[in-house]
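Data first, discussion second: the structure below is written as structure tokens.
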Amino acid sequence: MPLAPPSEAAGQLVPRLKITEVFLSLQGESSLVGWPTVFVRLTGCPLRCSFCDTAYAFHGGQWRDIPDLLAEVQALGVRHVCVTGGEPLAQKNCLPLLSALCDAGYAVSLETSGALDIAGVDPRVARIVDIKTPGSAEVARNRWENLPLLTARDELKFVLCSRADYDWAVERLREHRLHERCAVLFSPSHKQVSPRELADWIVADRLPVRFQTQLHKQLWGEEPGR
Numbered sequence: 001m002p003l004a005p006p007s008e009a010a011g012q013l014v015p016r017l018k019i020t021e022v023f024l025s026l027q028g029e030s031s032l033v034g035w036p037t038v039f040v041r042l043t044g045c046p047l048r049c050s051f052c053d054t055a056y057a058f059h060g061g062q063w064r065d066i067p068d069l070l071a072e073v074q075a076l077g078v079r080h081v082c083v084t085g086g087e088p089l090a091q092k093n094c095l096p097l098l099s100a101l102c103d104a105g106y107a108v109s110l111e112t113s114g115a116l117d118i119a120g121v122d123p124r125v126a127r128i129v130d131i132k133t134p135g136s137a138e139v140a141r142n143r144w145e146n147l148p149l150l151t152a153r154d155e156l157k158f159v160l161c162s163r164a165d166y167d168w169a170v171e172r173l174r175e176h177r178l179h180e181r182c183a184v185l186f187s188p189s190h191k192q193v194s195p196r197e198l199a200d201w202i203v204a205d206r207l208p209v210r211f212q213t214q215l216h217k218q219l220w221g222e223e224p225g226r
């Protein structure tokens with residue numbers, strides 16, 4: 001991700017980020033599912049997951065400064081804000097954006113791939129961290145050093161592409177006792193594992209995880225900005 005060109009306001013440099021879109025919808029994933037939420041989608045991602053549904057955010061976007069983004073979020077008029085991507089942490093100015101949103105009183109969540117360091121994220125932010133499975137084609141990118149940093153306000157998410165992915169995820173769950181760190185979410189990869197099939201596996205194994213599907217895809221399909 002290229003460095004942001006400087007922006008000046010009152011003689012001072014203002015942090016800028018490359019933004020793909022800002023929109024209001026329902027949160028479709030995590031324990032926050034169903035809440036009206038403003039999504040701030042940052043441009044760019046160093047990963048290429050096999051099931052990625054936001055490849056349109058890899059390139060393009062517009063440079064925006066943080067005060068401008070805060071004004072747009074405020075105008076949309078809801079309490080919950082989700083900073084997502086792409087991979088938002090690939091832009092260093094994601095960190096001051098997250099803190100600015102928290103300072104403004106929003107309930108802020110971050111959706112991140114789990115490949116980058118989460119240590120610098122404002123502790124007021126709920127971090128939704130992926131663990132990439134073999135079926136994602138990016139399993140080697142998992143940053144296992146993030147696990148000790150997780151708190152009860154964070155969540156781990158596995159997107160499962162097959163029964164083999166499920167078995168691998170169960171091994172990681174037990175090996176690292178992940179459910180004792182934070183909530184763990186198991187989600188079926190769209191059109192690869194049926195929701196009913198995954199639900200049956202979880203129930204049969206009595207796993208201490210939360211089953212989830214992508215609510216926004218049930219409501220709006222693949223439509224961007226929803």
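Following my numbering, the numbering of the sequence shown begins with 1 at its first residue and continues without gaps.
Note that CB positions come from ideal geometry on N, CA and C, so glycine has one too.
Bear in mind the structure is a predicted one, so any value in this text is a computation, not a measurement.
- Across the structure, Asp53 and Gly85 are spaced so that their CA atoms are roughly 11 Å apart.
- Per DSSP, the unbroken beta strand (DSSP E) holding Asp65 starts and ends at Gln62 to Asp65.
- Close CB contacts of Ser50 within its chain, under the 6 Å cut and outside five residues either way in sequence, are with Ser136 and Ala137 (chain order).
- Beta-bridge annotation (DSSP): Val33 is not paired with any residue.
- Val129 and Asp154 do touch by the CB rule: their CB atoms are close to 6 Å apart, below 8 Å.
- Among the bridge pairs identified by DSSP, Pro88 is matched with none.
- Straight-line spacing of the CA atoms in Val73 and Ala204 works out to 43 Å.
- Within the same chain, Cβ atoms closer than 6 Å to the Cβ of Leu150 are found at Arg181 and Cys182, the five residues on either side in sequence being excluded.
- Shown here, Arg210 sits in a strand according to DSSP, grouped into three states.
- Annotation: Ile202 is outside any beta strand (DSSP E); the continuous alpha helix (DSSP H) that includes it extends over Pro195 to Asp205.
- At the C-beta level, Val125 and Leu110 come within 9 Å of one another.
- Under the three-state reduction of DSSP output, Glu180 falls in the helix class.
- With a cut-off of 8 Å on Cβ pairs, the segment 155-170 is not in contact with the segment 67-82, counting fewer than three such pairs.
- For Pro123, the three-state secondary structure derived from DSSP is coil.
- Scanning its chain for C-beta atoms nearer than 8 Å, with the 5 sequence neighbours on each side dropped, one finds around His59 the residues Thr43 and Gly44, in chain order.
- The Cβ-Cβ distance between Leu17 and Cys102 does not fall below 9 Å.
- The secondary-structure analysis by DSSP pairs Lys157 across a beta bridge with Asp130 and Leu185.
- Taking C-beta separations shorter than 6 Å and ignoring five residues to either side along the sequence, the partners of Val33 in its chain run Gln27 and Leu215, following chain order.
- Straight through space, the alpha carbons of Gly77 and Ala100 are spaced by roughly 16 Å.
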